[in-house]
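J.: Residue numbers (the working numbering): 2 to 429.
Ideal placement from N, C-alpha and C gives every residue a C-beta, glycine not left out.
Before anything else, here's the structure in question.
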Amino acid sequence: MPHVIVIGGGLAGLAAAAALGDSGYQVDLYEARPFLGGRATSYTLPNAESVDNCQHILLNCCVNLLNFYERLGVRSKVEFHGEIPFMEPGGRVSVLKAGMLPAPAHFTGSFIKLKFLDWPDKIAVGKALLALRSEYGKRGDLENISMLDWLREKKQTERAIDRFWRPVLVSAINEELDRMAASHGFQVFWLGFLATNESYQMGVPSVPLGQLYSSAQWRRLGNVTMQFRASVEQLDPQRGALIGGEWRTADAYVSAVPFERIGALAPGLEIDVSMFEHSSITGVHLWFDRPVTDLPHAALLDRNMQWFFNKGDGKYLQLVVSASKQLLEMGRPEIIELAVKELADFLPAVKTASLVKAHVVKEVRATFSALPGLEQSRPLAATKWPNVFLSGDWTRSGWPATMEGAVRSGYLAAEAVSGKRFLIPDIA
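See the structure below:
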């Protein structure tokens, strides 16, 4: 049985391990931390309550991520929602959802009824969506211009940019519009909103993220073993993986470490990551003494806090700020005060509720920044060493830094190792 060592237990490494282990390979996965999931995981607070580091969601177009969940037998633990509420300060709610018309016209009815856009905004957005559909896959400069450049070119109103395009894209790609390659914005709207009637549906895990990758799930794949608190210090194509001063060998090696670690792990690969930058995500967990909403989630307009997710009968909400550079210098009390103040602008019940406890998570290195011109610097799975392969959301997966992108990269690495096919093509 061929033997593979996977370095890193984030989604990319887990996907590579699952695919190879399910195909007859003996896989040993080494993870430096005592848990799996990388930046998409959960952990236990001092009061024994389990929380996600930040709320992670997926869209129904994330076919490889869903396939990975199927391999682990946990797809049923993701709940899909067909309505996307947008809230304005004051509490007014508009809902985007599919209607009776076929794609790509399935949002027509609910889009016309959106209260947070005026008619000039809606007309501008409609024209831009038609242009996006006609230019997707055909226009050659989308990797090198920003999404904001493209939106300006299509004469989008400021209100349309701030209230329609930005809430969707910044959350999906974790970068501001002026620092986001237009190609990624196109991909999100084409695959997530225009391709099919159901591709936009938002999946939210119904259990803490860490439970999706628990040891019980991995028993389904008997050929995969996990080694925790096992940091790989160096990777060499002849000597193998250096762990605790001991070289361990295999037929092939898959690196699933972040871009900032690949140079120290395998300097001989000479992977140039000088173009890469990080973009942060901040999660704010708030527990109130009474329910403050009955909505499952909502996009929050015109404020720093971008989304809330109802994690417990309206008493426990998790707020998310993507591309949260503006919050990194703020202290925990300041962020909590800001979050409660802004949430009260949308949910009047917050004003009379008491905050029982709060928790702030700053993921400073949450994702790579999907900058214009970066795509050509993202490495492929195969390297100049024939037995060493790369995965990670920063590699050339065909997607930006999302959970789907991470799983795609793991499947691509597994394909490079085995010569077998694991990657599921995009829905359109």
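Residue 411 and residue 17: beta carbons closer than 8 Å?
T.: yes
J.: Compute the beta-carbon to beta-carbon distance between residue 228 and residue 73, rounded to the nearest angstrom, for a pair I have assumed lies under 8 Å.
T.: Contact doesn't hold; Cβ gap of about 18 Å is too wide.
J.: Opposite residue 286 in the DSSP bridges: which residues?
T.: 319 and 360
J.: Buried or exposed, going by whether 16 or more other CB atoms sit within 10 Å of the CB of residue 113?
T.: Under this definition residue 113 is an exposed residue.
J.: On the DSSP letters alone, give me the boundaries of the beta strand (DSSP E) that residue 218 sits inside.
T.: Run containing residue 218: none in the beta strand (DSSP E); it sits in the alpha helix (DSSP H), 216 to 219.
J.: Ends of the beta strand (DSSP E) at residue 101?
T.: Neither: residue 101 is in no beta strand (DSSP E) and is coded neither H nor E.
J.: Please name the residue in 156, 312 and 239 whose C-alpha comes closest to that of residue 210.
T.: 312
J.: Could you tell me whether any Cβ in chain B is nearer than 8 Å to the Cβ of residue 411?
T.: Here there is only one protein chain, and chain B is not present.
J.: Under 8 Å between the Cβ atoms of residue 54 and residue 43?
T.: Contact: yes.
J.: Going by DSSP, what residues sit across from residue 279 in a beta bridge?
T.: 369
J.: Could you name the residues of the same chain whose beta carbon sits closer than 8 Å to that of residue 172, not counting the 5 residues immediately before and after it, in chain order?
T.: 300, 307, 308, 321 and 323
J.: Strictly by DSSP, which residues pair up with residue 313?
T.: 317
J.: Jot down the residue ranges of each uninterrupted alpha helix (DSSP H) in the stretch 169 to 221, minimum 4 residues, whole runs only, in chain order.
T.: 183 to 190 and 216 to 219
J.: Give the straight-line distance between the Cα atoms of residue 221 and residue 25, rounded to the nearest whole angstrom.
T.: 13 Å
J.: Might you give, ordered along the chain, the residues of its own chain that have their beta carbon closer than 6 Å to the beta carbon of residue 144, omitting 5 neighbours on each side?
T.: These residues qualify, in order along the chain: 182, 184 and 376.
J.: DSSP on residue 254, reduced to helix/strand/coil?
T.: strand
J.: For residue 70, collect the residues of the same chain with a Cβ closer than 8 Å to its Cβ; drop the 5 residues on either side in sequence, then sort them by chain order.
T.: 76, 78, 79 and 213
J.: Measure the CB-CB distance between residue 427 and residue 192 and report whether it falls below 8 Å.
T.: yes
J.: Pairing CB atoms from the stretch 252 to 263 with CB atoms from the stretch 3 to 20, are three or more of them under 8 Å?
T.: They touch, by the three-pair rule.
J.: Can we count residue 42 as close to the ligand GTP, meaning its CB is less than 7 Å from some heavy atom?
T.: This structure lacks the ligand GTP, and indeed carries no ligand of any kind.
J.: Is the number of C-beta pairs between the stretch 147 to 165 and the stretch 270 to 282 that are closer than 8 Å three or more?
T.: No, the stretch 147 to 165 is not in contact with the stretch 270 to 282.
J.: My assumption, with CB atoms under 8 Å, is that residue 253 sits in contact with residue 390. Please give the rounded CB distance.
T.: 7 Å
J.: Around the Cβ of residue 124, are there at least 16 other Cβ atoms within 10 angstroms (buried) or fewer (exposed)?
T.: exposed
J.: Return the bridge partner residues of residue 108 from the DSSP annotation.
T.: Its beta-bridge partners do not exist; DSSP assigns none.
J.: Tell me whether residue 101 is buried or exposed, calling it buried when 16 or more other Cβ atoms sit within 10 Å of its Cβ.
T.: Exposed.
J.: Report yes if the CB atom of residue 370 is closer than 8 Å to the CB atom of residue 278, and no otherwise.
T.: yes
J.: Please report the residue range of the alpha helix (DSSP H) in which residue 244 lies.
T.: Here residue 244 belongs to no alpha helix (DSSP H); instead the beta strand (DSSP E) covers 241 to 244.
J.: Between the beta-carbon of residue 286 and the beta-carbon of residue 359, is there less than 8 Å?
T.: yes
J.: Can you tell me where the alpha helix (DSSP H) with residue 75 in it begins and where it stops?
T.: It is not in any alpha helix (DSSP H) - residue 75 carries neither H nor E in the DSSP assignment.
J.: If residue 122 and residue 160 are in contact, beta carbons under 8 Å, what's the gap, nearest whole angstrom?
T.: 5 Å
J.: Indicate the three-state DSSP secondary structure (helix, strand or coil) for residue 402 in the structure shown.
T.: Note: residue 402 maps to coil in three-state DSSP.
J.: With DSSP collapsed to three states, give me the class of residue 228.
T.: strand
J.: For residue 83, which residues in the same chain have their Cβ closer than 7 Å to its Cβ, ignoring the five residues on either side in sequence?
T.: 98, 99 and 202
J.: Of the residues 139, 153 and 111, which one's Cα is nearest the Cα of residue 128?
T.: 153
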